[in-house]
Amino acid sequence: LVPLSVQYQSYFLIPFLYGVGTALPVLVFAVVIATGVGTIGKVFDRMTQIEVWGRRITGTVFILVGIYLSLVHIFKVF
């Protein structure tokens with residue numbers, strides 16, 4: 418981290434972003450634990466719903482990109 422911040426002459430921004438990025442998951446986990454077991458179940462259920470839709474959207478995007486790339490590089494349509 419230090420060589421990277423020296424290389425880009427960013428003595429504050431890169432370490433700050435690294436610190437925030439590593440602290441956020443810990444903070445979220447601490448809040449979930451502090452609010453209790455009932456909330457953990459609700460959060461888990463909500464994350465499961467988000468995961469289902471995330472997988473569907475990601476799968477659709479991959480299929481569409483694959484079709485597009487096939488049309489461009491194999492069939493020379495565009």
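Counting the sequence shown from 1 gives a position; my numbering is that position plus 417.
Beta carbons: idealized from backbone N, C-alpha and C, even for Gly.
Check whether residue i and residue j have beta carbons under 8 Å apart
i    : j    : result
L486 : V494 : no
T456 : V449 : yes
Residue i CB to nearest heavy atom of the ligand MG below 7 Å
i    : result
I467 : With respect to the ligand MG, the structure offers nothing, as it holds no ligand at all.
Inset, instruction - Only counting runs of 4 or more residues, tell me where the alpha helix (DSSP H) segments fall wholly within the stretch 425–453, in order along the chain. - result: You should have 430–452.
Inset, instruction - Enumerate, from N- to C-terminal direction, the unbroken beta strand (DSSP E) stretches of 3 or more residues contained entirely within the stretch 447–495. - result: none
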